[in-house]
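Following: one structure in structure tokens, then a few remarks.
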Amino acid sequence: MHDLENAIRDRRSIRLFLRDKPVPRELVTESLELAIRAPSNSNIQPWHVVFASGPARDRLAEALLEQADIAAPNVPELPEAFAHLRRELGALVYGTMGVARNDAEARRVAVLRNWEFFRAPLAGIVCMHRDLGHVDAVGVGMFLQTFLLALTARGLGSCVQVSVAGYPEVLREQLGIAEEMRILCGVSIGYPDPEFACNQLIVPRNPLEANVTFIES
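Okay, so the sequence shown: first residue is 1 according to full-length UniProt numbering, each after it adds one.
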């Protein structure tokens with residue numbers, strides 16, 4: 001139980017990895033074998049992940065960077081009632097990077113790291129069949145969280161990236177992802193760069209009562 005609690009508390013979104021330190025395949029396989037034990041509606045096991053490393057990962061990052069120069073990603077805007085949370089997180093992230101609010105060039109460079117998977121040597125694309133719905137998306141989420149915790153317990157860092165899914169056609173072309181698969185997000189995997197201050201950022205969470213209700217009578 002102590003090890004589980006440590007993994008939960010230690011997991012965080014890593015935004016710069018050691019590019020030249022490879023990810024051992026056996027550690028990823030071990031983590032996946034634990035992740036597939038996640039709950040699944042009717043045992044559908046809706047998760048599907050495509051991984052890219054080596055030259056395939058580099059080609060994917062190059063194609064994403066090229067597309068980012070042409071058009072913004074197709075990422076849905078948050079409803080106005082929630083949009084401030086993204087702005088607040090951005091202020092925290094850029095602040096730990098030392099990027100000033102009015103430094104447009106530094107912000108542009110930081111944003112572009114998304115498309116190179118923050119230099120992680122292993123990139124994953126998480127998908128689900130397009131005919132499945134919200135209940136099964138919950139199953140994918142539980143699989144993904146279990147996977148991230150298992151990676152953390154093995155000394156690996158990760159970052160879930162919704163932004164990468166904003167260029168679905170690039171992902172399909174580069175990785176051969178079928179049209180019947182809905183692309184949900186990317187995930188970067190590698191060893192965190194210990195010199196990058198943002199990797200130490202602990203994002204605050206709401207108090208329990210803000211999101212949880214107990215009814216007893």
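Using N, Cα and C, we set each Cβ at its ideal position, and we do this for glycine too. Keep in mind the model is a prediction, meaning the values are calculated, not measured.
Fill in: Per-residue burial, residue 121 [other beta carbons within 10 Å of its own, 16 or more giving buried]
buried
Worksheet entry | Cα-Cα separation between residue 160 and residue 141, rounded to whole angstroms | 11 Å
Worksheet entry | When 185, 97, 102 and 197 are compared against residue 51, the one with the closest alpha-carbon | 185
Worksheet item: In the DSSP assignment, what are the bridge partners of residue 129?
Response: 181
Worksheet item: Residue range of the alpha helix (DSSP H) that residue 174 falls in?
Response: 168-175
Practice prompt. Round the Cβ separation of residue 39 and residue 136 to the nearest angstrom and send it over; I've been treating them as touching at under 8 Å.
Written response: About 11 Å; that fails the 8 Å criterion.
Worksheet entry | Complete beta strand (DSSP E) runs within the segment 12-74 (minimum length 3 residues, chain order) | 48-53
Worksheet item: Applying the criterion that 16 or more other CB atoms from any shown protein chain within 10 Å of the CB defines a buried residue, is residue 109 buried or exposed?
Response: exposed
Worksheet item: Which first and last residues belong to the beta strand (DSSP E) in which residue 111 is found?
Response: No beta strand (DSSP E) holds residue 111; the alpha helix (DSSP H) holding it covers 104-112.
Worksheet item: Where does residue 158 fall in DSSP's three states?
Response: strand
Fill in: Own chain partners of residue 201 with C-beta closer than 6 Å, once the 5 adjacent residues on each side are dropped
96
Worksheet item: For residue 217, which three-state DSSP category applies?
Response: coil
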